Amino acid sequence: MKLSLSKISFLLILYFFGLKHIAANNIPKIGVPYVQNFHKSLYAAGNQNWSIAKNQKGVMYFGNSSGLLSYNGKYWEKHELPNKQIVRSVAVSNDGLIYTGGFGEFGYWDYKDKKLSYKSLTKLLPKTAKLTGEVWKIYTLGKKIYFQTFSHIFVYDNKQITVIKPANNLLFLHKVNNRLFAEVIEKGLFELKDKQLIKLEGSEILGNTGVLSILPFKNNQFLIGTSKNGLFLFDGKTFSPFANQANQFLKTYQLNNGAKVLNNYYAFGTILNGIIIIDTNGNVVQTINKTSGLQNNTVLSIYNDNENNLWAGLDNGIDRIELNSPLSFYFDKTGKFGTVYSSLIFGNKIYLGTNQGLFYGNWSNNAAGNFDFKLIPNSQGQVWDLSRIDNQLICGHNNGTFSIVGDRIEKISSINGGWTLKKLNSNPNYLIQGTYNGLSIYTKNASNHWTFSHRIEGFGEPSRYVEQDHKGNIWVSHAYQGLYRINVSDDLKKAIKIKYYDEKNGLPSSFNINAFNLENRVVFSSDSGFYIYDDINDRFSKYHALNNKLGNFSTSNKIIKASNGKYWFINHGRMSLANFNEPGKIVIDSNRFNILDGRMVQYYENISQISNNIYLISVDDGFAIYNDALAASIKASTKLPQVLIGKIDDITDKYSIIAESVNSEEEIEIPFSRNSIRISFALPYYRLSKIKFQYYLEGFSKQWSEWSPATQKDFTNLGNGTYVFKVRAKIDEHAVSEISSVKIVILAPWYASNWAWAFYFICIIIGLIVGKKVYEAKLKKDQQKIADKLQREKEEYLKKEAEATEKQIAKLQTDKLQAELAGKSRELANSAMSLVYKNELLQKISQELYKLKDNKDQKPQEDQLRKIQKIIDDGMNDERDWNLFENSFNEAHESFFKKLKANHPDLVPNDLKLCAYLRMNMSSKEMASLLNISVRGVEIRRYRLRKKLAVPHDKNLTEFLIEL
473 MKLSLSKISF LLILYFFGLK HIAANNIPKI GVPYVQNFHK SLYAAGNQNW
523 SIAKNQKGVM YFGNSSGLLS YNGKYWEKHE LPNKQIVRSV AVSNDGLIYT
573 GGFGEFGYWD YKDKKLSYKS LTKLLPKTAK LTGEVWKIYT LGKKIYFQTF
623 SHIFVYDNKQ ITVIKPANNL LFLHKVNNRL FAEVIEKGLF ELKDKQLIKL
673 EGSEILGNTG VLSILPFKNN QFLIGTSKNG LFLFDGKTFS PFANQANQFL
723 KTYQLNNGAK VLNNYYAFGT ILNGIIIIDT NGNVVQTINK TSGLQNNTVL
773 SIYNDNENNL WAGLDNGIDR IELNSPLSFY FDKTGKFGTV YSSLIFGNKI
823 YLGTNQGLFY GNWSNNAAGN FDFKLIPNSQ GQVWDLSRID NQLICGHNNG
873 TFSIVGDRIE KISSINGGWT LKKLNSNPNY LIQGTYNGLS IYTKNASNHW
923 TFSHRIEGFG EPSRYVEQDH KGNIWVSHAY QGLYRINVSD DLKKAIKIKY
973 YDEKNGLPSS FNINAFNLEN RVVFSSDSGF YIYDDINDRF SKYHALNNKL
1023 GNFSTSNKII KASNGKYWFI NHGRMSLANF NEPGKIVIDS NRFNILDGRM
1073 VQYYENISQI SNNIYLISVD DGFAIYNDAL AASIKASTKL PQVLIGKIDD
1123 ITDKYSIIAE SVNSEEEIEI PFSRNSIRIS FALPYYRLSK IKFQYYLEGF
1173 SKQWSEWSPA TQKDFTNLGN GTYVFKVRAK IDEHAVSEIS SVKIVILAPW
1223 YASNWAWAFY FICIIIGLIV GKKVYEAKLK KDQQKIADKL QREKEEYLKK
1273 EAEATEKQIA KLQTDKLQAE LAGKSRELAN SAMSLVYKNE LLQKISQELY
1323 KLKDNKDQKP QEDQLRKIQK IIDDGMNDER DWNLFENSFN EAHESFFKKL
1373 KANHPDLVPN DLKLCAYLRM NMSSKEMASL LNISVRGVEI RRYRLRKKLA
1423 VPHDKNLTEF LIEL
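Residue numbers for the sequence shown follow this note's numbering, beginning at 473 and rising by one.
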């Protein structure tokens, strides 16, 4: 049956994924995994740590002798019970509540007003139940919470507590695969079902030393650990002893607790000797105690989290063990072999070259750290170099060069100080060695073993590093003696040309210049970066392409070849693994090696390759083993948690906590008077790594901050408004977490609050009303002032006008009086003249009459009568009376005659007289007498005048003339 290409690809993917999964879930058997110590001075609480738990966000909780401890990857917090009891047990429920128990007390912790607060549940106990002992275990099962003391089991469900009382006292309650087991003293092991303890028959085999651990095992079995009787298996029906390599250890050092780790391993904490880890076959994989890194050998609690960190609560401190760490360690805590300068595995032995001599130990994949190092006889003194060449192990020693055979050494050269040994590129049948005083050549003897041949004559300088380039030139460097290029004779016996290089040839100095082979090219390290040699110009220049890609490691003082296109770069105590496999790109991994910073012997750093992916790294008091394949599998499977935004502190003028922990759904309100805050954050990722953070305050910042390891940020003098604080994390420069955020509201100051604005609004309204009233009052007052002023001015004006008018009236009156006086004078004169004239006329008539009288006897003659008649007619027709009348009439009637003559120039004097008499509204009879005509004549004249004046028929002539 043929498989399709797609099926084959699918199977291959499954296979490789399976390999990675297996690699990531393996515990190194050589050396000890990385152990991180948390001393009590760090977490600032009591020595003893009785229980451990972890919540869904990744925060760790520890039941400590001083209270409840919390740890989020950066910050520790301590929370005390009401009576400051020891917290013996801790558990986290699915809803995030943290349950704790102590002496005579149990309850839960929850956030209230942004701070973790404790709520006791003992008030819910039935009146007949008494809590008089320690609460040793707490388990959550569904919605139920189980609290166990030595005398009772209390079940908390739906805000009620049920009490389970066993026949005898209990030892400890255990939860395995959602089943609960408890040991009743002197009765055996029981299972708790429906509030009933049901005995498991045959459990007497477990003995009476105490069941302290029950863990899930393969094939649906349970692995039971007892205090002093070892391990047992329970298949649901029968109990049987479990044959394993750890039994004697556990019996001797008293098993105290256990945890299943990495799916296929079991870790057991002891009272007397730390932790031992076995696999499903019972083989011991690791023993971790105070000698190998724990702070204390008494393990009070043990917990394996979802990231495969094994946490140990100790009698003095807390430790985290990175079980599947790619780095494992062996440290000489006793100072047995001194400072390690070189290390190498050859055959079934591991060799350590130290300042005290050459040590060896038995090497086995199952060594579990039991190397039992011993000094090889006659090897005392400084060991500089261990090299494996053509299946021969050669040791460069202060006293010469030796061939190592098992547990003994054979001297092959007496030349002191064998620093480095390697094959010549131009002729692999020769080895060249750098020593204290020159270069040595080695060849193979008849037995095909390398042996000393001769020294190269003509060159005697200290030769710390030796490299041969593509032209056969031999470059020799020493940290304090500069750099040499040597041309040797064809028989390699003599240096025929030696040239010294320093600043004159383009090097930054003559100190700390070292030569290394990198990708078949000789490069030169310096404190200013890497240099390359231009053989055409015979000068050195900076290797910019390499320096730029190496970044901080461009000033490395050492390069060691790894495998598969990888190289180790050592930069004055810091190390990294650089991958050159992709053209034009260098991938540098340095973060995972931070723990080794400063641990290697400076300038004598040594890394040797054990296999394709495993390296032996010499450190000053031992060695470390690095598994590159395991590191790659862990890196590929890394899933980051979210960043936790922890405390928000008020730093305005005095320090105070605003919130201990916040959620993204929450909104933090802060008074304007406390508008300077500090926000703390952390990533609950506990594995060995380099963590950086990037933050952004929306509403304040313009862009994301630079990546930084800082876990706090201060914001001062924030204006009122709404802000959103965002933060994310990056691990080892590649994996970035999701963004965590919290909304922060800086409340408006009291003078800008809603109530204040309402108050302002009311005040404005009142102010407007009052202002209006005031304005109106002022306006009225001003108006009154203006009115008064105007009145005064008016009165003054009127007074002045009155005075002027009075003056004018007086003048007019004077003028009128004068005019009247003049008129009267004229009238008087006219009257006098008229009297004179009339008197004269009368005298004439009198004279004529006297004449007639004298002629009494004679009849009046006709001419005398005519003469008298003429005198009378002349007197009657005299114009002087009329002219006087006309002038007076004009004065009285505003130049009546002038207007009349102007409008009707064809009027004759008799017409004018008639008009005047009509205007004076005289009767026809009066007018007839004045005109010396008959009434009929008056009527005829009126008719003629009406025509001349063109008076309408419906208009009265008198009215017409009056209106004129």
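Note that beta-carbon positions come from the ideal geometry of N, C-alpha and C, so glycine has one too.
Keep in mind the model is a prediction, meaning the values are calculated, not measured.
TODO: Could you name the residues of the same chain whose beta carbon sits closer than 6 Å to that of Tyr543, not counting the 5 residues immediately before and after it, in chain order?
DONE: Here residue 543 corresponds to residue number 71 of the sequence shown, with the count starting at 1. Correct list, in chain order: Met532.
Beta-carbon proximity check, Lys637 vs Asp629, cutoff 9 Å = Numbered from 1 along the sequence shown, position 165 holds the residue referred to as residue 637. Numbered from 1 along the sequence shown, position 157 holds the residue referred to as residue 629. No, these two residues do not count as a Cβ contact at 9 Å.
In terms of alpha-carbon separation, which member of His1376, Leu1436, Ala1374, Asp1426 lies closest to Leu1390? Your numbering for residue 1390 matches position 918 in the sequence shown. The shortest C-alpha separation from Leu1390 is found at Leu1436.
For the segment 1019 to 1031 against the segment 765 to 780, do three or more pairs of beta-carbon atoms, one drawn from each stretch, fall closer than 8 Å, so that the two count as touching? no
Next on the checklist: Less than 6 Å between C-beta atoms, sequence neighbours within five positions excluded: which residues of the same chain meet that for Ala1249?
Outcome noted: Counting from 1 along the sequence shown, the entry for residue 1249 is found at position 777. The answer is none, since no qualifying residue turns up.
Around the Cβ of Ser1080, are there at least 16 other Cβ atoms within 10 angstroms (buried) or fewer (exposed)?
Taking the sequence shown and counting its residues from 1, the one referred to as residue 1080 is at position 608. So Ser1080 counts as buried.
Exercise for the section: With DSSP as the reference, please indicate the residues paired to Ile1004 in a beta bridge. Expected result: Counting from 1 along the sequence shown, the entry for residue 1004 is found at position 532. Ile1004 is bridged to Ser1013.
- Query: Hey, Asn416 and Lys723 are a contact pair by Cβ (cut 8 Å); roughly how many whole angstroms apart?
  - Reply: With the chain covering only 473 through 1436, there is no way to say anything about residue 416.
Exercise for review: Indicate whether Gly833 and Phe845 have their beta-carbon atoms separated by less than 9 Å.
Suggested key: As a first step, residue 833 must be located in the sequence shown, where it is residue number 361. As a first step, residue 845 must be located in the sequence shown, where it is residue number 373. Yes.
Can you list, in chain order, the residues of its chain whose CB lies under 6 Å from that of Ile1086, leaving out five sequence neighbours each side? The count along the sequence shown starts at 1 and reaches residue 1086 at position 614. If we look at Ile1086 and ignore the five residues flanking it on each side, its Cβ neighbours are Asn1099.
Tell me which same chain residues have a C-beta within less than 6 Å of the C-beta of Phe1025, skipping the five on either side of it? Working through the sequence shown from its first residue, we reach residue 1025 at position 553. Taken in chain order, the residues that qualify are Phe1041, Asn1043, Ser1048.
* Asked: Does the separation of the CB atoms of Asn536 and Ala563 fall below 9 Å?
  -> Against the sequence shown, residue 536 aligns to sequence position 64. Against the sequence shown, residue 563 aligns to sequence position 91. Not a contact, by the Cβ cut-off of 9 Å.
Exercise. Closest by CA to Leu514, which one among Ala639, Val683, Ser998, Asp791?
Worked result: As a first step, residue 514 is located in the sequence shown; it is residue number 42 there, counting from the start. Checking every option, the nearest Cα to that of Leu514 belongs to Asp791.
What does DSSP give as the partner residues of Ser981 in its beta bridges?
The sequence position of residue 981 within the sequence shown is 509, counting from 1. Answer is none; Ser981 lacks a bridge partner.
Cβ-Cβ separation, Val559 to Gly574 (assumed contact under 8 Å), whole Å
Locating residue 574 in the sequence shown gives position 102, where the first residue counts as 1. Locating residue 559 in the sequence shown gives position 87, where the first residue counts as 1. Contact holds; Cβ gap of about 5 Å.
Buried or exposed for Val1242, going by 16 or more other Cβ atoms inside 10 Å? Against the sequence shown, residue 1242 aligns to sequence position 770. By the 10 Å Cβ count, Val1242 comes out exposed.
> Taking the Cβ atom as the reference point for each residue, do Ile1117 and Ser1133 lie within a distance shorter than 9 Å?
Replying inline: Numbered from its first residue, the sequence shown carries residue 1117 at position 645. Numbered from its first residue, the sequence shown carries residue 1133 at position 661. For Ile1117 and Ser1133, yes; Cβs fall inside 9 Å.
Q. First and last residue of the alpha helix (DSSP H) that includes Asp1383?
A. As a first step, residue 1383 must be located in the sequence shown, where it is residue number 911. Start and end: 1381 to 1391.
Exercise for review: Identify, in the order they occur along the chain, each residue of the same chain with its Cβ nearer than 6 Å to the Cβ of Ile946, setting aside the five sequence neighbours on each side.
Suggested key: By one-based count along the sequence shown, residue 946 stands at place 474. Once the five neighbours on either side are set aside, the close Cβ partners of Ile946 are Gln940, Ile958.
Query raised in the report: Is it true that the CB of Pro1181 sits closer than 9 Å to the CB of Lys1198?
Result: To locate residue 1198, count along the sequence shown from 1; it is residue 726. To locate residue 1181, count along the sequence shown from 1; it is residue 709. No. Outside cutoff.
**Message:** Ser935 and Gly910 - do their beta-carbons sit closer together than 9 Å?
**Reply:** Start at 1 with the first residue of the sequence shown, and residue 910 comes out as number 438. Start at 1 with the first residue of the sequence shown, and residue 935 comes out as number 463. Their beta carbons are under 9 Å apart, which means Gly910 touches Ser935 by this criterion.
Tyr1157 vs Ile793 beta-carbon contact at 9 Å: Position 685 of the sequence shown, counting from 1, holds the residue named residue 1157. Position 321 of the sequence shown, counting from 1, holds the residue named residue 793. No, the pair does not count as a contact, with Cβ atoms beyond the cut-off.
### Message
Taking contact to mean 3 or more Cβ pairs, one atom from each stretch, closer than 8 Å, check whether the segment 1231 to 1245 and the segment 1135 to 1150 are in contact.
### Response
no
Which residue wins for smallest C-alpha separation from Ser538, given the options Gly568, Asp567, Thr572? Stepping through the sequence shown from its first residue, residue 538 is reached at position 66. Residue Thr572 is the option with its Cα nearest to Ser538.
Notebook entry, point to check: Mapping DSSP to helix, strand and coil, what is Ser476?
Noted result: For the purposes of this step, residue 476 is taken as residue 4 along the sequence shown, with counting starting at 1. At Ser476, the pLDDT of 43 sits below 50, so the modelled position is not reliable; the number obtained from the coordinates is stated separately. If DSSP states are grouped into helix, strand and coil, Ser476 belongs with coil.
What number of angstroms, rounded off, separates the C-alpha of Lys1323 from the C-alpha of Lys1316? Walking along the sequence shown from the start, residue 1323 turns up at place 851. Walking along the sequence shown from the start, residue 1316 turns up at place 844. Their backbone Cα atoms lie some 10 Å apart in a straight line.
Quiz prompt | Beta-carbon gap between Ala1154 and Lys586 smaller than 9 Å | solution = As a position in the sequence shown, residue 1154 is number 682, starting the count at 1. As a position in the sequence shown, residue 586 is number 114, starting the count at 1. No, they are not a contact pair.
Taking the Cβ atom as the reference point for each residue, do Gly829 and Val855 lie within a distance shorter than 9 Å? Counting from 1 along the sequence shown, the entry for residue 829 is found at position 357. Counting from 1 along the sequence shown, the entry for residue 855 is found at position 383. Yes, the pair counts as a contact, with Cβ atoms nearer than the cut-off.
Exercise. Determine the direct distance from the alpha carbon of Asn566 to that of Ile1123, and round the result to whole angstroms.
Key: Stepping through the sequence shown from its first residue, residue 1123 is reached at position 651. Stepping through the sequence shown from its first residue, residue 566 is reached at position 94. Taking the straight line from one Cα to the other gives about 35 Å.
Item checked: Any beta strand (DSSP E) of 3 or more consecutive residues that is wholly inside the segment 768 to 796 -> 771 to 776, 781 to 786, 789 to 794
Drop a sphere of 10 angstroms on the beta-carbon of Lys1385, count the other beta-carbons inside from all chains shown, and report buried for 16 or more, exposed for fewer. Residue mapping note: residue 1385 aligns to position 913 of the sequence shown, counting from 1. So Lys1385 counts as buried.
### Message
So, with DSSP's three-state summary, where would you put Ala1400?
### Response
For this step, residue 1400 is matched to residue 928 along the sequence shown. It is helical.
In DSSP terms, what Gln1256 is bridged to = Mapped onto the sequence shown, residue 1256 falls at position 784. In DSSP, Gln1256 forms no bridge with anything.
Going by DSSP in three states, Lys526 sits in which element: helix, strand or coil? Start at 1 with the first residue of the sequence shown, and residue 526 comes out as number 54. Here Lys526 sits in strand by DSSP.
Tell whether a beta-carbon distance below 9 Å holds between Val607 and Glu655. For the purposes of this step, residue 607 is taken as residue 135 along the sequence shown, with counting starting at 1. For the purposes of this step, residue 655 is taken as residue 183 along the sequence shown, with counting starting at 1. Not a contact, by the Cβ cut-off of 9 Å.
Minimum C-alpha distance to Gly1037 - residue among Pro1055, Tyr914, Ser982: Here residue 1037 refers to the residue found at position 565 of the sequence shown. It is Pro1055 whose Cα lies nearest to the Cα of Gly1037.
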